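Trainee:
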Amino acid sequence: MQVLCMHNKLQSIFMKYPHIFEPLDLGFTTLKNRILMGSMHTGLEEEKNGLERISAYYAERAKGGVGLIITGGISPNIQGWTGPFSARMSSKKHAIHHQKITKAVHDEGGKICMQILHAGRYGYHPFNVAPSKIKSPITPFKPFKLTKSGINRTIRDFVNCAKYSKIAGYDGVEIMGSEGYLINQFIATHTNKRKDKWGGSYANRMRLPVTLVKSVREAVGKDFIIIYRLSMLDLIEKGSTWEEVVQLAKEIEKAGATIINTGIGWHEARIPTIATSVPRAAFTWVTKKMKEEVSIPLVTSNRINMPATAEEVLARGDADMISMARPFLADPHWVNKAANEKSEEINTCIACNQACLDHVFKQKVASCLVNPRACHETEFNYDMASVAKKIAVVGAGPAGLSVATIAAQRGHHVTLFDSESEVGGQFNMAKQIPGKEEFHETIRYYKNQLELHNVELILNKRVSRNDLEKSDFEEIIIATGITPRTPNIKGINHRKVVSYLDVLKHKKQVGKRVAVIGAGGIGFDVSEFLLHQGNSSTLDIDTWLAEWGIDKDIEARGGIAGVQPSFPSAKREIFMFKRSKGKFGGNLGKTTGWIHRANLKKQNVQFINEVQYTKIDDQGLHYSKGEQSKILEVDNVIICAGQTPLKELYTALESSGKSIHIIGGADIADELDAKRAIDQGCRLAASL
Ligand code: FAD
Ligand code: NAP
Ligand code: SF4
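Under numbering that gives the first Met the number 0, think of the first position of the sequence shown as 0, with each following residue one higher.
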């Protein structure tokens with residue numbers, strides 16, 4: 000064992016990422032590297048054949064080299080459910096079921112801990128409980144107040160849950176004490192108004208977590224990992240002070256925790272903590288501050304998605320381990336690729352939440368926009384094709400790139416055409432939006448995959464029917480995308496009118512006062528682009544923290560109480576229009592739409608709905624709202640009115656007798672996003 004550790008240590012010194020690959024000795028067990036796969040609910044936990052699927056899902060991540068996996072939250076009892084019938088571990092039967100998961104992970108050489116999560120008042124069901132009878136702003140169910148005996152029962156349930164997790168074969172547990180769930184609800188006066196020994200003074204309010212850790216440690220013995228996820232920055236006004244957080248951490252260490260993990264922000268906090276516009280590693284300074292206070296290993300988290308960032312954080316001494324959750328949906332082999340110095344092959348999580356968190360919030364199984372196989376490992380695979388075919392793919396946007404690279408990976412001979420000089424399609428516009436810099440990574444990933452799998456890439460070539468009709472391609476895939484919609488408004492050809500393509504692609508100059516027609520994702524993005532004019536706070540942590548009113552010195556309670564956000568003055572006056580009723584951004588992502596809305600509101604963007612457009616002329620935009628006719632004087636009117644499929648090539652080839660497929664925006668433009676485009680491409684490639 001000692002020789003192995005020494006070997007690993009020596010090896011790590013010569014690696015590109017020595018800190019990531021330094022083993023972590025916990026005394027009774029050693030983690031092979033510093034990367035922890037953070038807890039993430041996938042929805043598989045509650046699916047009919049979920050056990051088999053989730054075992055395959057975790058096993059693939061273990062095979063990919065991650066040091067330690069934490070499962071999605073498992074409730075210790077019914078009151079602690081996150082939603083009706085969510086996963087629970089409260090009997091031997093449950094424990095035996097889970098043995099399939101732990102065996103699958105151990106067989107791949109991995110380690111896995113089970114997260115014990117009691118949702119408290121965040122439980123989306125009528126049996127939820129909390130320290131006090133106060134409804135959360137994000138659930139419709141008012142909780143029952145836990146009685147004293149109810150609290151004792153809850154502690155017993157946590158202890159039993161931990162004991163069963165040991166029978167299940169887990170290497171340890173993570174006790175979820177952050178993000179505003181039950182334990183957090185006891186700690187903060189925001190949710191705890193009790194007058195007994197579980198409320199009032201801080202010593203009373205932290206009694207529950209400390210008792211839980213102590214009792215679990217007594218029950219499971221010393222050779223079992225106990226991670227405590229501690230809310231280090233609540234991001235709510237009546238959250239904990241830093242002194243309280245430190246006091247709790249010290250008590251948790253004394254109570255017998257092996258590791259402390261960092262939690263940032265309650266779910267009800269109105270500050271983004273993991274969205275793509277949050278800078279990379281935006282919160283590791285919080286964990287670093289805690290390093291001075293406790294001696295057990297600390298894990299840091301939030302928006303760390305590439306090895307260079309993880310290495311930098313560890314090298315700086317901000318933490319002992321890095322937790323990443325979504326990056327393992329995007330690429331299960333993240334760790335092995337980093338170990339083999341092949342970071343450029345990592346399929347990077349772009350933090351969009353579109354296929355993971357947004358799915359979970361809609362009670363759908365999670366997946367990943369850039370890797371639709373995530374959580375579908377038993378359903379579709381990219382095995383080598385039995386017959387290698389000659390395939391043409393027209394269009395190198397997300398749909399074309401995904402089908403081309405996976406078909407080539409399966410052994411087909413693929414030629415990919417695009418009329419532009421670079422691959423990426425609309426992602427080349429998306430990547431320029433302040434806060435969407437991560438979209439560069441997807442293009443980088445695909446460029447690398449094209450080379451790796453020998454796809455013949457032909458750029459600057461607008462493919463026509465003649466190019467393909469008489470060719471020897473056995474399969475032709477049309478992924479030509481969309482054309483922006485031009486609405487039928489009088490004066491649409493006026494010099495003041497520009498399209499989003501003109502702005503983002505052709506870099507047309509736009510005046511100081513503008514009207515944006517259309518309030519979909521692109522309307523929002525174009526507004527963001529025009530407001531910031533090249534300056535993106537996502538690229539500078541301090542600026543971003545100041546914009547959201549987060550106190551980096553953590554003198555403010557909860558990290559925010561009384562802090563005024565400082566936003567730069569907007570570069571333009573923007574008026575955003577739509578014809579329909581309802582709130583602006585209602586069609587954006589469930590977990591991110593509010594951030595886009597908040598950003599534009601902070602910059603005084605005016606939202607005007609239920610309008611009819613009359614005309615555009617030298618004066619500006621004429622429109623009516625209700626009975627009233629109005630004129631808005633503007634320098635430019637920017638059209639972001641949706642898109643229609645570009646399928647002429649498909650129509651022209653349909654009768655050619657060739658085997659033709661159509662995917663992405665070319666197929667259906669309504670409600671198109673990259674999630675659908677990539678999913679269609681991957682599934683088609685898997686079937687060829
Ligand atoms: P496209 O990306 O449009 O690619 C089509 C490609 O085909 C183009 O490269 C084009 O040059 C090529 N082509 C067309 N005709 C021919 C021909 N005859 N010969 C050769 N080549 C041809 N989606 C999200 O999911 N999340 C987001 O956050 C997001 N943000 C966005 C922000 C902006 C500013 C924009 C503009 C889009 C955004 N999208 C987002 C939408 C997303 O980019 C599209 O849904 C996706 O690109 C569609 O993929 P596609 O491959 O079908 O088409
Ligand atoms: P969109 O979401 O369909 O929005 C189109 C907007 O144009 C709507 O607000 C609509 O509002 C308006 N509109 C439609 N027809 C019109 C007409 N004839 N005249 C005037 N206005 C009209 O499309 P998009 O913004 O172009 O985005 C394209 C796709 O890219 C979307 O499906 C989206 O999923 C994706 N995308 C996603 C993100 C993201 O953050 N997830 C970001 C950007 C793009 P009214 O009908 O009310 O007028
Ligand atoms: Fe990351 Fe988006 Fe995939 Fe979620 S869907 S894992 S946020 S890339």
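We put the CB at the ideal spot given by N, CA and C, even for glycine. Since this is a predicted model, take the numbers as computed values, not measurements.
With distances taken between CB atoms, is the gap from D689 to T590 smaller than 8 Å?
Mentor: No answer is possible for residue 689: the residues shown for the chain start at 0 and end at 687.
Trainee: Please work out which residues of its chain come closer than 6 Å, Cβ to Cβ, to Y16, disregarding the five sequence neighbours upstream and downstream, and give them in chain order.
Mentor: The residue given as residue 16 occupies position 17 in the sequence shown. Once the five neighbours on either side are set aside, the close Cβ partners of Y16 are P306, E310, A337.
Trainee: Does the beta-carbon of M383 have 16 or more other beta-carbons within 10 angstroms, so that it is buried, or is it exposed?
Mentor: Translated into the one-based positions of the sequence shown, residue 383 becomes position 384. M383 should be labelled exposed.
Trainee: Between the stretch 255-269 and the stretch 287-297, can you find at least three pairs of beta-carbon atoms closer than 8 Å?
Mentor: With a cut-off of 8 Å on Cβ pairs, the stretch 287-297 is in contact with the stretch 255-269, counting three or more such pairs.
Trainee: Would you call N492 buried or exposed, if buried means 16 or more other Cβ atoms sit within 10 Å of its Cβ?
Mentor: Residue mapping note: residue 492 aligns to position 493 of the sequence shown, counting from 1. It counts as exposed.
Trainee: Give the range of the beta strand (DSSP E) segment to which I475 is assigned.
Mentor: As a position in the sequence shown, residue 475 is number 476, starting the count at 1. Unbroken beta strand (DSSP E) run through I475: 474-477.
Trainee: Under 8 Å between the Cβ atoms of A218 and I166?
Mentor: Here residue 218 refers to the residue found at position 219 when the sequence shown is read from its first residue. Here residue 166 refers to the residue found at position 167 when the sequence shown is read from its first residue. Not in contact: A218 and I166 (Cβ atoms no closer than 8 Å).
Trainee: Should L631 be listed as close to the ligand NAP, given that the test is whether its C-beta is under 7 Å from any heavy atom?
Mentor: Sequence index remark: in the sequence shown, residue 631 carries index 632 (1-based). For the ligand NAP, not one heavy atom lies less than 7 Å from the Cβ of L631.
Trainee: With a cut-off of 8 Å on the beta carbons, I'd call S498 and I638 a contact; round off their distance for me.
Mentor: On the sequence shown, position 499 is the one that residue 498 refers to. On the sequence shown, position 639 is the one that residue 638 refers to. Cβ-Cβ separation between S498 and I638: approximately 5 Å, consistent with a contact (criterion under 8 Å).
Trainee: In this structure, does DSSP put I150 in helix, strand or coil?
Mentor: Mapped onto the sequence shown, residue 150 falls at position 151. DSSP places I150 in helix when its eight states are reduced to three.
Trainee: Of all the beta strand (DSSP E) runs that stay within the bounds of the stretch 23-110, which reach a length of 3 or more residues?
Mentor: 34-36, 67-73
Trainee: For the ligand FAD, I want to know if T441 counts as a neighbour, meaning its beta carbon is within less than 7 Å of at least one of the ligand's heavy atoms.
Mentor: The residue you call residue 441 lines up with position 442 of the sequence shown. No, since every heavy atom of the ligand FAD falls outside the 7 Å radius drawn around the Cβ of T441.
Trainee: Taking contact to mean at least 3 C-beta pairs separated by less than 8 Å, is the stretch 261-268 in contact with the stretch 219-231?
Mentor: With a cut-off of 8 Å on Cβ pairs, the stretch 261-268 is in contact with the stretch 219-231, counting three or more such pairs.
Trainee: Go ahead and label E173 buried or exposed: buried means 16 or more other beta carbons lie within 10 angstroms of its beta carbon, across all protein chains shown.
Mentor: As a working mapping, residue 173 is identified with position 174 in the sequence shown. Per the 10 Å Cβ criterion, buried.
Trainee: Would you kindly work out how many angstroms separate the C-alpha atoms of M0 and E21, rounded to a whole number?
Mentor: Here residue 0 refers to the residue found at position 1 when the sequence shown is read from its first residue. Here residue 21 refers to the residue found at position 22 when the sequence shown is read from its first residue. Bear in mind that a pLDDT of 46 at M0, under 50, signals an unreliable position, so the number given afterwards is only what the model happens to contain. Distance between the alpha carbons of M0 and E21: 15 Å.
Trainee: What are the boundary residues of the beta strand (DSSP E) that H493 is part of?
Mentor: Residue numbering aside, residue 493 sits at position 494 when the sequence shown is read from its first letter. Careful: H493 lies outside any beta strand (DSSP E) and carries neither H nor E.
Trainee: Can you tell me whether A668 is buried or exposed, with buried defined as 16 or more other CB within 10 angstroms of its CB?
Mentor: Within the sequence shown, numbered from 1, the residue matching residue 668 stands at position 669. Using a 10 angstroms sphere on the CB of A668, the tally of other CB atoms reaches 16 or more, which defines it as buried.
Trainee: For L30 versus K102, is the C-beta spacing smaller than 8 Å?
Mentor: Taking the sequence shown and counting its residues from 1, the one referred to as residue 30 is at position 31. Taking the sequence shown and counting its residues from 1, the one referred to as residue 102 is at position 103. It is not a contact, given that the beta carbons lie outside the stated cut-off.
Trainee: The alpha helix (DSSP H) spanning A329 covers which residue range?
Mentor: Position 330 of the sequence shown holds residue 329. It spans 326-329 - the alpha helix (DSSP H) in which A329 sits, taken as one unbroken run.
Trainee: State the Cα-Cα distance for the pair P142 and A187, rounded to the nearest angstrom.
Mentor: The residue labelled residue 142 in the question sits at position 143 within the sequence shown. The residue labelled residue 187 in the question sits at position 188 within the sequence shown. In a straight line, the C-alpha of P142 is about 16 Å away from that of A187.
Trainee: Where I475 and N635 are concerned, what is the direct C-alpha to C-alpha distance, given to the nearest angstrom?
Mentor: In the sequence shown, the residue the question calls residue 475 occupies position 476. In the sequence shown, the residue the question calls residue 635 occupies position 636. Their backbone Cα atoms lie some 41 Å apart in a straight line.
Trainee: Within the same chain, show all residues whose beta-carbon is closer than 6 Å to that of I594, passing over the 5 residues directly before and after it, in chain order.
Mentor: If you number the sequence shown from 1, residue 594 lands on position 595. Closer than 6 Å at the Cβ level, and outside the excluded window around I594, lie P271, A274.
Trainee: In angstroms with no decimal places, state the Cα-to-Cα distance between G656 and A478.
Mentor: The residue given as residue 656 occupies position 657 in the sequence shown. The residue given as residue 478 occupies position 479 in the sequence shown. If you draw a straight line from the Cα of G656 to the Cα of A478, it is about 19 Å long.
Trainee: When the Cα of E250 is compared with those of Y227, G238, I73, I235, which residue comes out closest?
Mentor: As a first step, residue 250 is located in the sequence shown; it is residue number 251 there, counting from the start. Nearest C-alpha to E250: Y227.
Trainee: L456: beta carbon under 7 Å from a heavy atom of the ligand FAD?
Mentor: The sequence position of residue 456 within the sequence shown is 457, counting from 1. Because no heavy atom of the ligand FAD lies under 7 Å away, the Cβ of L456 does not count as near it: no.
Trainee: Identify every residue that forms a DSSP beta bridge with M323.
Mentor: For the purposes of this step, residue 323 is taken as the residue at position 324 of the sequence shown. In the DSSP output, where bridge partners are listed per residue, M323 has M36.
Trainee: Whole-angstrom Cβ separation of R596 and F583, contact assumed at under 8 Å?
Mentor: Here residue 596 refers to the residue found at position 597 when the sequence shown is read from its first residue. Here residue 583 refers to the residue found at position 584 when the sequence shown is read from its first residue. Rounded to the nearest angstrom, the Cβ distance from R596 to F583 is 6 Å, consistent with a contact under 8 Å.
Trainee: When you compare the CB positions of M175 and Q114, do they come within less than 8 Å of one another, or not?
Mentor: Walking along the sequence shown from the start, residue 175 turns up at place 176. Walking along the sequence shown from the start, residue 114 turns up at place 115. Yes, Cβ-Cβ distance for M175 and Q114 is below 8 Å.
Trainee: According to the Cβ coordinates, are Y612 and I516 closer than 8 Å?
Mentor: The sequence position of residue 612 within the sequence shown is 613, counting from 1. The sequence position of residue 516 within the sequence shown is 517, counting from 1. Against a cut-off of 8 Å, the Cβ pair of I516 and Y612 comes out as a contact.
Trainee: Please find out if some non-hydrogen atom of the ligand FAD comes closer than 7 Å to the beta-carbon of A329.
Mentor: In the sequence shown, the residue the question calls residue 329 occupies position 330. Not under cutoff, so the answer is no.
Trainee: Enumerate, from N- to C-terminal direction, the unbroken beta strand (DSSP E) stretches of 3 or more residues contained entirely within the stretch 360-445.
Mentor: 389-393, 412-416
Trainee: Go to D678, then tell me how far its beta strand (DSSP E) extends in each direction, as first and last residue.
Mentor: Locating residue 678 in the sequence shown gives position 679, counting from the first residue. No beta strand (DSSP E) contains D678, which is instead part of the alpha helix (DSSP H) from 673-686.
Trainee: Can you grab the Cα-Cα spacing for the pair V2 / T308, in whole Å?
Mentor: The sequence position of residue 2 within the sequence shown is 3, counting from 1. The sequence position of residue 308 within the sequence shown is 309, counting from 1. Low local confidence applies: a pLDDT of 48 at V2 is under 50, so the model's placement there is unreliable, with the coordinate-based value given in what follows. When rounded, the distance between both Cα atoms is 30 Å.
Trainee: Determine the DSSP secondary structure at V312, reduced to helix, strand or coil.
Mentor: The count along the sequence shown starts at 1 and reaches residue 312 at position 313. Here V312 sits in helix by DSSP.
Trainee: Under the criterion of a Cβ to heavy atom distance below 7 Å, does A597 qualify as lining the ligand ATP?
Mentor: The ligand ATP is not part of this structure, which contains only the ligand FAD, the ligand NAP and the ligand SF4.
Trainee: For I488, I'd like the list of residues in its chain whose CB is within less than 7 Å of its CB, leaving aside the five on either flank, ordered along the chain.
Mentor: Start at 1 with the first residue of the sequence shown, and residue 488 comes out as number 489. Cβ neighbours of I488 beyond the five flanking positions: Y612, K614, I615.
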